[in-house]
Every structure is written in structure tokens, then in C-alpha cells.
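Numbering of the sequence shown is given in my numbering, commencing with residue 2 and proceeding in unit increments.
Note that beta-carbon positions come from the ideal geometry of N, C-alpha and C, so glycine has one too.
A short worksheet on the structure shown next.
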Amino acid sequence: MKSTTDSKEYFASIEYIPTATSTNTLLIEQDFANRTVIYTFDQTRGRGRLDRNWITVPNKSLALSVGLRNINIQPIWITAILSVATVNTLEKYGLCTAWIKWPNDIFVGQCKLAGILTESTWKNGKIDKCVAGVGINLNSTAEELDSLITNKAATSVIEQCGKQINLKDFTNDLLENIVKYLVLTESGNISEIKQLWLAKTKLIGEKAEVSEIYKNSPTVSGIIENIDNDGFLYLNDGTNILKIVTGDIRIIL
Ligand code: BTN
Numbered sequence: 002m003k004s005t006t007d008s009k010e011y012f013a014s015i016e017y018i019p020t021a022t023s024t025n026t027l028l029i030e031q032d033f034a035n036r037t038v039i040y041t042f043d044q045t046r047g048r049g050r051l052d053r054n055w056i057t058v059p060n061k062s063l064a065l066s067v068g069l070r071n072i073n074i075q076p077i078w079i080t081a082i083l084s085v086a087t088v089n090t091l092e093k094y095g096l097c098t099a100w101i102k103w104p105n106d107i108f109v110g111q112c113k114l115a116g117i118l119t120e121s122t123w124k125n126g127k128i129d130k131c132v133a134g135v136g137i138n139l140n141s142t143a144e145e146l147d148s149l150i151t152n153k154a155a156t157s158v159i160e161q162c163g164k165q166i167n168l169k170d171f172t173n174d175l176l177e178n179i180v181k182y183l184v185l186t187e188s189g190n191i192s193e194i195k196q197l198w199l200a201k202t203k204l205i206g207e208k209a210e211v212s213e214i215y216k217n218s219p220t221v222s223g224i225i226e227n228i229d230n231d232g233f234l235y236l237n238d239g240t241n242i243l244k245i246v247t248g249d250i251r252i253i254l
């Protein structure tokens, strides 16, 4: 097994596709080699959690998916790796206020800047393929985002930092960070990535509402007490501690 932090050596292949429907779909439908990366700046049918669409401005955003085989950690920690890698890369570009909104979004203030979708297929009771994809708004203007995304507040790196991002450079920097955190968890030990992830989630101790725990589920509210090693979130509603696997979270300020 290769042990390097150089992304060009670490990954079996890194393929740029000028236009793609969904980088996650393209990968999961293939019998890909472990550590395969595909990316595009023009994704036309991006997908998000809960069958939502991930809509982006062509050639102003990154859609990148990493394909892994036979992972020895839970898929939630691959989401965490991409989340922490994204936040670190944003910091390199001068955006230091991005935070991770459990389970899979990157926000600046109350606006979404990036999202992660991790999908797995199983074979003989084990995870066979794990595909984790990240979508990041880089050079999209506020006007472009407003006209495309009407139901939620979105933002981009250019809107936050006021400078144009070189898409290829950003992708290479992100890949270097992804490798760093994949190597960190290679032994199956998630304690370090968990600490880094928790430090950027800003959730523990906060009052929050959680909806869409399942399709159209009632909203529950309470204090977030913990996120455990399986990525479950524990919400104290004043009477019970609710263990939540996924959902849309809103911090009550
Ligand atoms: C979400 O908002 O729920 C997650 C969005 C994830 C979007 C990324 S872009 C790369 C990869 N390909 C997809 O179709 N989705 C993910």
C-alpha cells in the first residue's frame, strides 16, 4: 500500500471531466480502483442528501468525488475528512470563518458554501464502494446564486473573500488536504479526525432545532450534548436524550 501525502502519488487516478452529470453517480456506477478521484467545474445534475439537488454555477464551482474501496472506518468519517479538508483549504485562501454544519454542510455565517454527499454500496455484509463527493461554490456571484438557489441562502468563496479563485489550484490544494486526513485515519483510528471535526462544528452545547430526521419528520428541539464515534448526534429535549442519525439542523441563536 502506498503511504505518501502527495496526492498525485496517493491516488490511483485523478481525472478532470469538462462537464459531468454527477461526479458521485459517475463513480458509484463504475468498478473503480481504490483511491480514484474525478472532478469537474461544470456539474449539471449534482445530488445532495435526502434526494435534493445540488445546483451550481457552471465553471465557477468545484464538484469532486473520491472513490474508496473496503474502508475500515464508518462512512461518516469520510464525510468528516472531506469537511475538515474543505475548511482547511478555505483557510489557506483567507476564508477563516467557515464551519461544519452536522452532518454534511459547510457554512459561513448562516449561508451554505459547500456540501458533501457520501454514498456506499455493500457486498457480503461489508462496505464495498464508498464515494464521497464535495461541491464548493468558488467564483459564483451573489446574483448568480440568488437566481439559481431560491429556497436557501448560499454563498461562495469570492463573495466572502472578494478575490477570484483559480479553480485548478484550489482543487490541488483540496486534494492535498484530503490525502492528509485519509492518511491520518488509515489505521482505523478516528479520534484525531473526530477532534478536528468537532472543533469546526460549533454545535456542542448549542440550542438547536432538527428537522428532516426522516422525510417530513416533526421538528425536535433541545440542547446538543454530543456527537459519538458513529457520528450520531445526541439532543437533550428537556425530557429525553434523542439519538439522531441525520437531519437538517438549525442553531437557535
Ligand atoms: C448536500 O448539499 O446535501 C450535499 C451536496 C453534495 C454535492 C457534491 S458535488 C460532488 C458530488 N456529486 C454529486 O452529485 N453530489 C456531490
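Note on the segment 96 to 181: whole alpha helix (DSSP H) runs with a minimum of 4 residues are 143 to 149 and 158 to 162, in chain order. Annotated as distal: ALA81 and GLN111, with beta-carbon spacing of 8 Å or more.
If you check the CB distance, THR20 and THR41 come in under 8 Å. Around the beta-carbon of GLU207, fewer than 16 other beta-carbon atoms lie within 10 Å, marking it exposed. When DSSP assignments are scanned along the segment 219 to 245, the uninterrupted stretches of beta strand (DSSP E) that are 3 or more residues long and fall wholly within it turn out to be 221 to 228, 234 to 237 and 242 to 245. Put simply, of ASP129, LEU243 and GLU210 the residue whose alpha carbon is nearest the alpha carbon of GLN31 is ASP129.
Relative to the Cα of ILE137, the nearest Cα in the group THR98, LYS61 and PRO104 belongs to LYS61.
The beta carbon of ARG251 sits no closer than 7 Å to any heavy atom of the ligand BTN. According to DSSP, residue pairing for GLN44 in a beta bridge involves ALA21. Spanning the alpha carbons of GLN75 and TYR182 requires a straight line of approximately 14 Å.
Of the heavy atoms belonging to the ligand BTN, at least one sits nearer than 7 Å to the Cβ of TRP55. Taking 8 Å as the cut-off, the Cβ atoms of THR156 and VAL109 count as close. The Cβ atoms of SER8 and ILE15 sit closer than 8 Å to each other. In the DSSP assignment, ALA64 falls within the unbroken beta strand (DSSP E) covering 62 to 70. With a threshold of 7 Å, the Cβ atom of ARG50 counts as near the ligand BTN, since some heavy atom of the ligand is closer than that.
Straight across, the Cα-Cα distance linking ILE242 with ILE77 is about 21 Å.
Counting along the chain, the unbroken beta strand (DSSP E) around VAL211 starts and ends at 208 to 212.
Across the set LEU254, ILE18 and ILE56, the C-alpha of ILE56 shows the shortest separation from the C-alpha of THR151.
If you check the C-beta of ASN230 against the ligand BTN, you find no heavy atom less than 7 Å away. A direct Cα-Cα distance of roughly 12 Å separates GLU226 from LEU199.
Of all alpha-carbon atoms in LEU51, ILE18 and GLY95, the one lying nearest the alpha-carbon of LYS164 is that of GLY95. Taking ASN237 as the centre and dropping the five residues before and after it, the same chain places the C-beta of GLY223, ILE224 and GLU226 closer than 6 Å to its C-beta, in chain order. Linking ARG48 to ASN54 through their CA atoms gives a straight-line distance of about 5 Å. Counting only residues of its own chain and dropping the five nearest sequence neighbours on each side, LEU91 has a CB closer than 6 Å to the CB of ALA99. Taking the Cα positions, PRO59 is about 8 Å away from THR45.
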